[in-house]
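In short: position in the sequence shown from 1, add 103, done, that's the working numbering. Note that the Cβ used here is the ideal one computed from N, Cα and C, for glycine as well. See below for the structure under consideration.
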Amino acid sequence: GAADSQLVAQVKLRLAKRLQELGTNSLSPQDISQACWALTSNSSRGSDILNELAGSLDKVLVLLSSSFLVQASRVYNASDRGSHWADISDALTKFENSTAVKRMDGANDLPSPCPRNEVVLAFHDAIFTPAVRQLEALGCQAPTGLSGLRLGSSERRKIRKLSEFANSLGLLHLGTHRTEEALQRLGFLKQPLGESAHHPAVQAFRATAAAQSQGSFAAARNGDIAYLEMSVTVSGPDIKEEVKEAGRFLDTSEVDKPPGGELLPLAIGHWRCPSHAERLLLVRALSKLRIAEKRLLKQPSSSSSTASATATATLHAEEAASPEVEVAGIVNLVAAEPLCLSCLAVCVQFRKLYPKIELNVFFTGQPVSQVRC
Numbered sequence: 104g105a106a107d108s109q110l111v112a113q114v115k116l117r118l119a120k121r122l123q124e125l126g127t128n129s130l131s132p133q134d135i136s137q138a139c140w141a142l143t144s145n146s147s148r149g150s151d152i153l154n155e156l157a158g159s160l161d162k163v164l165v166l167l168s169s170s171f172l173v174q175a176s177r178v179y180n181a182s183d184r185g186s187h188w189a190d191i192s193d194a195l196t197k198f199e200n201s202t203a204v205k206r207m208d209g210a211n212d213l214p215s216p217c218p219r220n221e222v223v224l225a226f227h228d229a230i231f232t233p234a235v236r237q238l239e240a241l242g243c244q245a246p247t248g249l250s251g252l253r254l255g256s257s258e259r260r261k262i263r264k265l266s267e268f269a270n271s272l273g274l275l276h277l278g279t280h281r282t283e284e285a286l287q288r289l290g291f292l293k294q295p296l297g298e299s300a301h302h303p304a305v306q307a308f309r310a311t312a313a314a315q316s317q318g319s320f321a322a323a324r325n326g327d328i329a330y331l332e333m334s335v336t337v338s339g340p341d342i343k344e345e346v347k348e349a350g351r352f353l354d355t356s357e358v359d360k361p362p363g364g365e366l367l368p369l370a371i372g373h374w375r376c377p378s379h380a381e382r383l384l385l386v387r388a389l390s391k392l393r394i395a396e397k398r399l400l401k402q403p404s405s406s407s408s409t410a411s412a413t414a415t416a417t418l419h420a421e422e423a424a425s426p427e428v429e430v431a432g433i434v435n436l437v438a439a440e441p442l443c444l445s446c447l448a449v450c451v452q453f454r455k456l457y458p459k460i461e462l463n464v465f466f467t468g469q470p471v472s473q474v475r476c
């Protein structure tokens, strides 16, 4: 967070040289992932120090990646975390995408494949892809747009399976870059995050967050704050109702006991996923929609008495609502940091319940490794 980029570059250069001198064999996976984050954050070119740092990063990141692969090949223990894989993969992906590490002459003396690429590909194949496939399986259904759908035993089994997968790896999140990719694959993000920064919902979130903290807001934990806008129409055969949320900002840093609801969180270790602001906002939005459905079904209509009797019966929680009620619209959800795996699953559940609602999910891009859950 230092404003002096030259000072930051000097510190990074000293760290890179010390790592090369002392070696990395004694470092833990967490140490290695944090070192990669430190070395690749806020990189820029434009001075001799920064150019020298860019040249050193090639070698030191290969060294760190090699040590990380050695550590990962050992017997799994309680200190190992899939989130370390997410962090180092994120840092290495950022390094590859950064113009600061492009060699001036276009040369590349790294072996192919190199340890950096091996770490990124291993994370993608062994962790990211299976996780996204399970999320896709959870949301798989034929779109109907009709209200009253409920999560059944099949969905609950898939949620338990995803929870077991996350717990077996100690995996809370997928990292900044992979979360963006997951949102795109799941259909929640239509364009890259860099282009989404000017979306009205994202700008409203930033303005509200700044106002809440008098311009100096900084999230303490993943999932503390989020923002939701909603414009949805619940339509029946003779009447319709608009359900709107002009913009709700939620800070859950003081929430101790999360509410229940139909949108089930993953049970991942001791993490506070049920209390994340993203989930709570979607739970409240779902509650508003359910109330609107029931209110609509109570309205008199020109339908036959048989249809009215059927509608009345569907007010029971165990039964589906009238197939003549349709719910469609737009919901925009903005988070401060990349969504955790549990919140991604909650988004999938919400869209499964209301497939004709366009759910757009954004995050402002604060690095996951700089927050705690």
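Residue i and residue j closer than 8 Å at C-beta
| i | j | result |
| --- | --- | --- |
| residue 277 | residue 241 | no |
| residue 334 | residue 433 | yes |
| residue 65 | residue 328 | One cannot answer for residue 65 here, as it falls past the ends of the chain, which runs 104 to 476. |
| residue 399 | residue 453 | no |
| residue 430 | residue 392 | yes |
| residue 192 | residue 226 | yes |
| residue 371 | residue 275 | yes |
| residue 281 | residue 467 | no |
Sequence-distant residues of the same chain with beta carbon closer than 8 Å to residue i, five excluded per side
| i | result |
| --- | --- |
| residue 159 | 116, 119, 120, 123 |
| residue 165 | 213, 217, 218, 219 |
| residue 461 | 432, 433, 434 |
| residue 311 | 330, 350, 352 |
Alpha carbon of residue i to alpha carbon of residue j, nearest angstrom
| i | j | result |
| --- | --- | --- |
| residue 383 | residue 127 | 42 Å |
| residue 286 | residue 237 | 14 Å |
| residue 353 | residue 173 | 42 Å |
| residue 325 | residue 171 | 25 Å |
| residue 339 | residue 315 | 39 Å |
| residue 455 | residue 288 | 15 Å |
| residue 194 | residue 347 | 39 Å |
| residue 387 | residue 365 | 10 Å |
| residue 362 | residue 374 | 16 Å |
According to DSSP, residues forming a beta bridge with residue i
| i | result |
| --- | --- |
| residue 352 | 330 |
| residue 466 | 438 |
| residue 433 | 334, 461 |
| residue 347 | 334 |
Exposure label - residue i; buried when at least 16 CB within 10 Å
| i | result |
| --- | --- |
| residue 293 | exposed |
| residue 185 | buried |
| residue 415 | Low confidence applies to residue 415: its pLDDT is 43, below 50, so where it sits in the model is not reliable, and the reading given next is rough at best. So residue 415 counts as exposed. |
| residue 233 | exposed |
| residue 345 | exposed |
| residue 389 | buried |
| residue 257 | exposed |
Close-in-space but distant-in-sequence residues of the same chain around residue i (CB under 7 Å, 5 per side omitted)
| i | result |
| --- | --- |
| residue 369 | 262, 265, 266, 269, 376, 444, 445, 448 |
| residue 291 | 450, 462, 463, 464 |
| residue 230 | 185, 188, 272, 274 |
| residue 427 | 339, 340 |
Neighbourhood of residue i by C-beta distance below 6 Å, restricted to the same chain and skipping five residues each side
| i | result |
| --- | --- |
| residue 435 | 304, 332, 463 |
| residue 143 | 194, 197, 198 |
| residue 302 | none |
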